[in-house]
Amino acid sequence: MILRIIIALILIQAGFAYAQKINRIDPEHWYAGLKRKNLQLLINGEQIGGSSVAISYPGIRIEQTHVFENNNYIAVDLALDEYVKPGKFTITLTKDKKVIKTEYEIKERRRSATSIKGFTPSDLIYLLMPDRFSNGDPSNDKVKGMLEQDVNRNEMYKRHGGDLQGVINHLDYLTDLGVTALWMTPFLINDQEYWSYHGYATTDHYRIEPRFGGNDVFAQLVAECHRRGMKFVMDYIYNHIGDNNYLVRDLPSKDWLHQWPEFTRTNYRPNAVTDPYRSKHDSILCVDGWFDKYMPDLNQKNPIVQNYFIQNTIWWVEFAQIDGFRFDTYPYNDNEFMIKAIKALKDEYPNIGLVGETWEQNTPAIAYWQSKNVLRSDGQDTYLQSLTDFMLCFAIKDGLREPFGWNRGFGRIYYQLSEDILYQNPYMNVIFLDNHDISRILSELNNDFNKWKQAITMLMTLRGIPMLYYGTEILMDGMSNPDGLVRKDFPGGWPGDSADKFMAAGRSDKENEAFNLIRTLAQWRKTSKAITEGKLMQFVPNDNTWVYFRYTDNECVMVLFNSSNETKSLDSKRFYERISNFTKAKNIISGETLNDIKTFSLLPNSVTVLEFSK
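Here it is in structure tokens:
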């Protein structure tokens, strides 16, 4: 009997010892020298709720601890003095006379806040999907313990094996093309059973996908970008997380997520947030509804949720020295939280680039979200300088494939640009022709190469920050129904591919012509202040032609389009206010010099870019 009691006591003690342990702390470490002087640690462990917390380190003091419904969590608010030094210290948790100790580190910053430059109209952003670009390390195709193990390039929704090393291997290709900033779709861990390749269901906010290479390879990628003078933009999702995230599998509290009596999907109508006649029901459904069954919607009114994600974005800037963020599904987030989150980033990094995905069907509903926009009756500043200009994307696509008319063809694009009066700063809009969610521009234009060239030239010369979707430069096509068709592998990114289109020898003559057009315009625009710093002036489309200018006080660029099957001749007198001080021009695409600029001859279905000189 005594032996049984002793064994039972040993088992109880062993069970209790096991029951009290720390699984993780987020953030896993922090940085000295930040303007932000508050740090909240979210500690996860078996039955640690109710523990007292002790820290002894110069310049750090505990202000408050938070308890949760779930006994496996505790949050600790720390105050950091201005001059706290990098170093390691012990966090001690005590509960029921049991003590758990773990080490925590404050690290030194590697760069100053002002060294983060963000992105501007002088940049050309290149968007790629890591899983579909290049497989540089086949050894990480399958990682033990991950839920989705299949790698099958014949299935559009399976993982294909692309990774960060594959991107590193082709950074020189991007530099040669003229790319100055790299944006990749999300690459944090997506440990989901299905469709984990796209990255939009994050399951760990402090870890890079091991199937992409992990944290160290990511830091190497950003460093390699910077070594080439290229910036890095991180795709980040505030709105939702993956249902296999540890914070969902073991919820700290019910109000960590938006809870509904039954699964309730968002209405995908962000206009219900900006519409002056909106119903409260529709607005709540848009913002609080779940994006999908496996993408739970975060409750961003919860102050601990707020701290968790604000700290996480700052942590990634410090860890990898990224230059900007693209915020997914921006209008679906809680407005007050996003203002707070973006202000925190801008306070820490004044020059950081921030662009919100504003996929809307009218210009006011996009412009509403830009910093200091007068459309906001609430007078709030979003601190968001850049928006994804979907309306211009739609106008270019529709305008180039429809007949010329008063408000059709070039007229459609002309009228869309005239709506720029609604933006606080349209020159900071990110402009694009396609992306990972919509049909590729070549397919939208029915594979018309001349129209494709016109679209590319608009992208490279209109106001805004141009973004090029991977493969557009080699005429990759595909319609977005289903979206897997616009997410094909880049040919040559995998060992054994039948063609390597990263190399000129692997591309067809037409593909090389496309590549060279983009490279010519991309490399030239780096040196053109008229394009990167200048204003836009457009002339009313007439007789299947359209002309606009980019200009500064000293530089002038003229872009001329002809959508007819006939050669058109334009008299320069119409454009005197822009070119009266110049005597000649250079054709940027052909290299030809025009010594006579009294008239301009436009070939059928063509585009011409002229840079003027005296």
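With the numbering used here, the residue at position 109 of the sequence shown is 118, and numbering never jumps. Ideal Cβ placement from N, Cα and C applies to all residues, glycine included. In this text the structure is predicted, and so the values were computed from the model without any measurement.
A Cβ-Cβ separation of about 21 Å leaves D398 out of contact with G480 under the 8 Å criterion.
Taking a 10 Å sphere around the C-beta of I198, we find 16 or more other C-beta atoms and assign the residue as buried.
Closest in alpha carbon position to Y317, among R120, T617, P613 and P36, is P36. Contact between V242 and L191 holds, with the beta-carbon distance rounding to 7 Å and staying under 8 Å. Each of L471, R45, E357 and K544 was checked against the Cα of L442, and the nearest Cα belongs to L471. Unbroken beta strand (DSSP E) stretches of 3 residues or longer found wholly inside the region 496–564: 544–551 and 554–560, given in chain order.
Using a Cβ-Cβ distance cut-off of 8 Å, the region 264–283 and the region 299–308 are in contact, since at least three pairs of beta carbons, one from each stretch, lie closer than that value. The beta carbon of G187 is closer than 8 Å to those of L133, I527, R528, L530, A531, Q532, R534 and K535 in its chain, skipping five residues each way along the sequence. A distance below 6 Å between beta-carbons, with the five flanking residues on each side excluded, links D337 to the following residues of its chain, in chain order: I246 and E366. Residue range A190 to M193 is occupied by the beta strand (DSSP E) that includes W192.
Put simply, the backbone Cα of R119 is about 50 Å away from that of G420. Judged by DSSP secondary structure, I71 falls within the beta strand (DSSP E) whose first and last residues are I69 to V76. Secondary structure in the region 574–608: the alpha helix (DSSP H) runs of 4 residues or longer, each lying completely within the stretch, are 585–588 in chain order. Remark: C-beta atoms of S610 and G418 do not approach each other more closely than 8 Å.
By the neighbour-count definition (other C-beta atoms within 10 Å, threshold 16), P285 is an exposed residue. DSSP places N53 within a strand segment (E or B) once states are collapsed to three. Note that the C-beta distance between R45 and N149 is not below 8 Å.
Runs of the alpha helix (DSSP H) lying entirely within the region 62–143, each at least 4 residues long, are 139–142 in chain order. Within the same chain, and ignoring the five residues on either side of Y303 in sequence, the residues whose Cβ sits closer than 7 Å to its Cβ are Q201, A210, G251 and D252. Here the alpha carbons of G145 and G238 stand approximately 22 Å from one another. Taking a cut-off of 8 Å for Cβ pairs, the region 72–84 and the region 50–63 touch, as three or more such pairs fall below it. In the DSSP annotation of this structure, the continuous segment of the beta strand (DSSP E) that includes N32 starts and ends at K30 to D35. Counting other Cβ atoms within 10 Å of its Cβ, I177 reaches 16 or more and is therefore classed as buried.
Excluding the 5 residues flanking it on each side, E620 has same chain C-beta neighbours closer than 6 Å at V566, K595 and I597, in chain order.
The region 302–360 is shown to contain whole alpha helix (DSSP H) runs of 4 or more residues at 312–329 and 344–357, in chain order.
Rounded to the nearest whole angstrom, the C-alpha separation of Q389 and V383 is 9 Å.
The C-beta of F524 has 16 or more other C-beta atoms within 10 Å across all chains shown, which makes the residue buried.
Taking a contact as a CB-CB distance under 8 Å, the pair K153 and N161 does not count as one, their CB atoms being some 18 Å apart.
Counting every other CB atom within 10 Å of its CB across the protein chains shown gives W325 a total of 16 or more, marking it as buried. When DSSP states are grouped into helix, strand and coil, T466 belongs to the helix group. Note on geometry: alpha-carbon atoms of K30 and F77 lie some 17 Å from one another.
Per the Cβ contact rule, the region 507–517 is not in contact with the region 101–109 (fewer than 3 Cβ pairs under 8 Å).
Distance from the CA of L431 to the CA of I293, rounded to the nearest whole angstrom, comes to 26 Å. Listed as beta-bridge partners of M243 by DSSP are M193 and F334. Beta-bridge analysis with DSSP links Y478 to L136. Here E114 is near K97, since their CB atoms are less than 8 Å apart.
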